[in-house]
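Working notes, structure below.
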Amino acid sequence: MPVTSFRSLLLVALVMLPLAACSTPQSVEVPTALPVAQWDHRPEATKWTKSTLNALKAEGAVLLSAVPDDVEDFCPGYRTASTEERSAFWTGLFSSIARYESTWNPEAKGGGGRYLGLMQISPTTARYVGCEETASGLYDGASNLACAVKIAARKADRAGVAEVVSDWGPMHDPAKRAQISKWTRTQAYCQV
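Here the sequence shown stands for residues -23 to -1, 1 to 169, numbered as in mature numbering (1 follows the signal peptide of the UniProt record, and there is no 0).
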């Protein structure tokens, strides 16, 4: 390349550089913060929270529109909460239940191997409600949580208004239920 052509090219580049800096930046979508969950200390926390939130938008929409009879015990501000706050509550609630179901171990087995994963879901129940996971798929935390949302939503849809996730064992143990309630009630998304 001749020296004059190189100089011309360099001159054009130098003239264009300030103009490029003046271009209109493309808008960048800033994601909202994920809600607080009890599994936040786990490396899978973000994936689990996003999976739960996505499931709530889809199969779990009925949970966001219904007002369970006992919701005041768990989330005093639920009746006036926005959809985002209600989604945060359900995510926090599932994370609290998972603490007692599996100690947040996605590979947990209970009941002699009949209940699997974070939320200890029976493969039979998973099939019944239409979860696509195989038994081994229930060991994937995100899939297990999506299925748990589907189970809770199906019950809420069938009953009109469900007692807050009464299908899970910890909800029948007064001490565990009290601990779950104590935690969810203190979260920002449950304040009046």
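No residue lacks a Cβ here, since even glycine has one placed at the ideal position from N, Cα and C.
Values in this document were obtained by computation on a predicted structure and should not be read as measured data.
CA nearest to the CA of residue i, picked from the options
{"i": "E36", "options": "W145, V106, I74", "result": "V106"}
{"i": "D144", "options": "R104, V126, A155", "result": "V126"}
{"i": "F71", "options": "G89, D47, P151, S28", "result": "S28"}
{"i": "P147", "options": "T161, E110, W16, S73", "result": "S73"}
{"i": "R76", "options": "T9, W16, P151", "result": "W16"}
{"i": "N31", "options": "D47, D46, V48, W67", "result": "W67"}
{"i": "D47", "options": "V142, Y166, A152", "result": "V142"}
Cut-off 8 angstroms between Cβ atoms - residues of its own chain near residue i, not counting five sequence neighbours on either side
{"i": "Q168", "result": "P53, G54"}
{"i": "K86", "result": "Y92, L93"}
{"i": "S79", "result": "A85, G87, G94, L95, M96, Q97"}
{"i": "A38", "result": "A130"}
{"i": "residue 170", "result": "The structure shown does not extend to residue 170, since the chain is modelled only from -23 through 169, so no value can be given for it."}
{"i": "residue 177", "result": "An answer regarding residue 177 cannot be provided, because it is not within the stretch -23 to 169 covered by the chain."}
Exposed unless 16 or more other CB atoms sit within 10 angstroms - verdict on residue i
{"i": "R63", "result": "buried"}
{"i": "R154", "result": "buried"}
{"i": "V44", "result": "exposed"}
{"i": "A123", "result": "buried"}
{"i": "T60", "result": "exposed"}
{"i": "T9", "result": "exposed"}
{"i": "E110", "result": "buried"}
{"i": "V57", "result": "A quick correction: the sequence has Thr, not Val, at residue 57. T57 is exposed by the Cβ-count criterion."}
{"i": "V7", "result": "Low local confidence applies: a pLDDT of 36 at V7 is under 50, so the model's placement there is unreliable, with the coordinate-based value given in what follows. Exposed, since its Cβ has fewer than 16 Cβ neighbours within 10 Å."}
Residues near residue i in its chain [Cβ-Cβ closer than 6 angstroms; skip 5 each side]
{"i": "D50", "result": "S158"}
{"i": "A112", "result": "P100"}
{"i": "G114", "result": "S120"}
{"i": "P2", "result": "Low per-residue confidence applies at P2: pLDDT is 36, beneath 50, and the placement is therefore not dependable, though the value from the model is reported in the following sentence. None."}
{"i": "R19", "result": "W81"}
{"i": "R162", "result": "none"}
Unbroken alpha helix (DSSP H) run spanning residue i, endpoints
{"i": "residue 215", "result": "Look at the range of the chain in this structure, -23 to 169, and you will see that residue 215 is not part of it."}
{"i": "R162", "result": "151 to 162"}
{"i": "D50", "result": "48 to 51"}
{"i": "L41", "result": "38 to 42"}
{"i": "W25", "result": "22 to 34"}
Close-in-space but distant-in-sequence residues of the same chain around residue i (CB under 7 angstroms, 5 per side omitted)
{"i": "V13", "result": "G69, Q164"}
{"i": "T23", "result": "L11"}
{"i": "L41", "result": "L33, T60, R63, S64"}
{"i": "T102", "result": "I128"}
{"i": "W25", "result": "W16, G118, A119, L122"}
{"i": "C108", "result": "C124, K127"}
{"i": "G90", "result": "none"}
heavy atom of the ligand SAM below 7 angstroms from residue i C-beta
{"i": "T23", "result": "In the structure shown, the ligand SAM is absent, as is every other ligand, since no ligand is present at all."}
(Q) Could you tell me which whole alpha helix (DSSP H) segments of length 4 or greater appear in the segment 83 to 121? (A) With a minimum length of 4 residues, the continuous alpha helix (DSSP H) runs that stay inside the segment 83 to 121 are 100 to 106.
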